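To start, the structure under review is shown below, and the notes come after it.
In UniProt numbering, the protein residues as written are 1 to 569.
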């Protein structure tokens, strides 16, 4: 079985959940903090590949398969997508020379297949009185409809895509034993090719560029190479939004048909959501393309910018070819390109009981509607969507940022309470960020009573609680750290250590009785190490998700250990 067109390099995945946030079908499963593509849910739009910040989402390599095909087959032809003009410019000679140097027998334009598709779709519409009809050209849209809008599957025009149509034409021209390699801007074409015996390998333009670069091909030659068997004409406009509609209108004799075109996942979904009321009076044809602005913005293009320039290049190429007339076009034999779209399982959304959703929400600390922040930090739009993903086995509780923040706070609080020494964390204004009960007890009865009323004493002014607050102010101002300084408070002899968590921003003080200091130091070190060992994995996870606010917990644990080790040194 072939590796699927899109996969995850798990070692590179940093569980940022951006792929979930951006995926139009949420076809991502997170397991052991790593995101992988769920093939049964994926429509192969390739958006996750484009937006993954670490490059963990990969496109299946087709170069090795293409090289093997060139060795195994006597003749291998390229079906070159019409958007090549946007990738390589209107002068096709240099890319033809490079493909020839790679070993291909000939290069033919997929636009020839597009022209045949438009001709047959136009004839199909000519005899229709009403109904909605959707183009089969975009494999991502076809996959979307088949998996998520099965009620509209019958609306897809029953013809092959331009890629498959052209491949069939190539085999009709040059024999069934030839090899066919499609090259274009679309990742979805890899999946389409996998389930067809017409196209052997599908490459993206980016893959072709990598292949050419690795071979260090020099095309400085006067050799003139032409497209096989002839140059395409109106089909070259297919990559543009509305390009297919424009070619169909040239063949369509039924003025009663209405034509529309929509691009981009949001617009396509919006159109599919509202089809039931349309097409009752006369035929309505919809050209739907998953990529915004059309195939010019496909995920397999090497450059994702300069859309206007790309559009202009394709439009100019189209205009130039129209002025050339049809002298190169030959009369084609009839080619059967009919097909259906029912050989795929529809995605059935799992239904969970209200009690199950409620239980899943409780597992991430959402005990009321007010707790449901819907912050999308996990990648899902709402907390309930996330709960659904948890129940489906596609998500983990650790993905909830607010939940992990709560866990971080609880762990830090527990750590502070377990340490027998007094511990206080102070900000740059000498205000208490956190304090444990031992510190409050050493400060005297009044502070201890305040602590009972307000555990943690957050926001309290340390200057009003102790006589040694000036040491904290000095540490904040200079960044200097102090270890085992003798201090007095309430007629008690104490030892104080002050060290940085964040220089000039956050410092921690550890204070303990001068009596039996070695015993107390051993307890601090032993218990701190125990807590670190049990919780380090969670703390590191929190630090990554929440950044500075949670990573201070990790710093605190290690800083306390460092302080204790320095006392022994």
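C-beta atoms are modelled at their ideal positions from N, C-alpha and C, and glycine is treated no differently.
Predicted, not measured: the structure shown is a model, and the values here were computed from it.
Item, Value
"Nearest-angstrom Cβ-Cβ length linking residue 85 and residue 104, presumed shorter than 8 angstroms", "Not really, about 19 angstroms apart at Cβ, beyond 8 angstroms."
"Proximity below 9 angstroms, CB of residue 114 to CB of residue 82", "yes"
"C-alpha distance - residue 284 paired with residue 317, whole-angstrom precision", "29 angstroms"
"Residue environment, residue 263, which counts as buried when at least 16 other CB atoms sit within 10 Å", "buried"
"Minimum C-alpha distance to residue 372 - residue among 352, 402, 394, 390", "402"
"Beta carbon of residue 16 nearer than 9 angstroms to that of residue 291", "no"
"Pairwise C-alpha distance: residue 338 and residue 93", "34 angstroms"
"Sub-9 angstroms separation of residue 443 and residue 466 beta-carbons", "yes"
"Residue 363 versus residue 288 - alpha carbon distance", "41 angstroms"
"C-alpha gap between residue 512 and residue 494, whole angstroms", "6 angstroms"
"Reduced DSSP category for residue 492 - H, G, I as helix; E, B as strand; rest coil", "strand"
"Boundaries (first-last residue) of the alpha helix (DSSP H) holding residue 512", "No alpha helix (DSSP H) holds residue 512; the beta strand (DSSP E) holding it covers 506 to 513."
"Stretch-stretch touch, CB-based, cutoff 8 angstroms, three pairs: the stretch 416 to 432 with the stretch 379 to 394", "no"
"Beta-carbon proximity of residue 19 to residue 57, cut-off 9 angstroms", "yes"
"Inter-residue Cα distance where the pair is residue 14 and residue 387", "22 angstroms"
"Residue 427: first and last residue of the uninterrupted beta strand (DSSP E) it sits in", "422 to 427"
"Contact the stretch 190 to 202 vs the stretch 123 to 138: 3+ CB pairs below 8 angstroms", "no"
"Contact with chain B by residue 412, beta-carbon distance below 9 angstroms", "Note that chain B does not occur in the displayed structure, where there is just one protein chain."
"Beta carbon of residue 123 nearer than 9 angstroms to that of residue 251", "yes"
"Residue 71 versus residue 179: straight-line alpha-carbon distance, rounded", "10 angstroms"
"Residue closest to residue 133, alpha-carbon to alpha-carbon, out of 272, 307, 300", "272"
"Residue 161 versus 128, 116, 55, residue with shortest Cα-Cα distance", "116"
"Helix, strand or coil at residue 519 according to DSSP, with G and I counted as helix", "The pLDDT assigned to residue 519 is 43, lower than 50, so where the model puts this residue is not dependable; a value taken from the coordinates is nonetheless given after this. Residue 519: helix per DSSP, three-state reduction."
"For residue 5, the three-state DSSP class (helix, strand or coil)", "coil"
"Burial state of residue 460 (16 or more Cβ within 10 Å)", "buried"
"Residue 35, enclosing alpha helix (DSSP H) - first and last residue", "That residue, residue 35, is in no alpha helix (DSSP H); its beta strand (DSSP E) goes 34 to 37."
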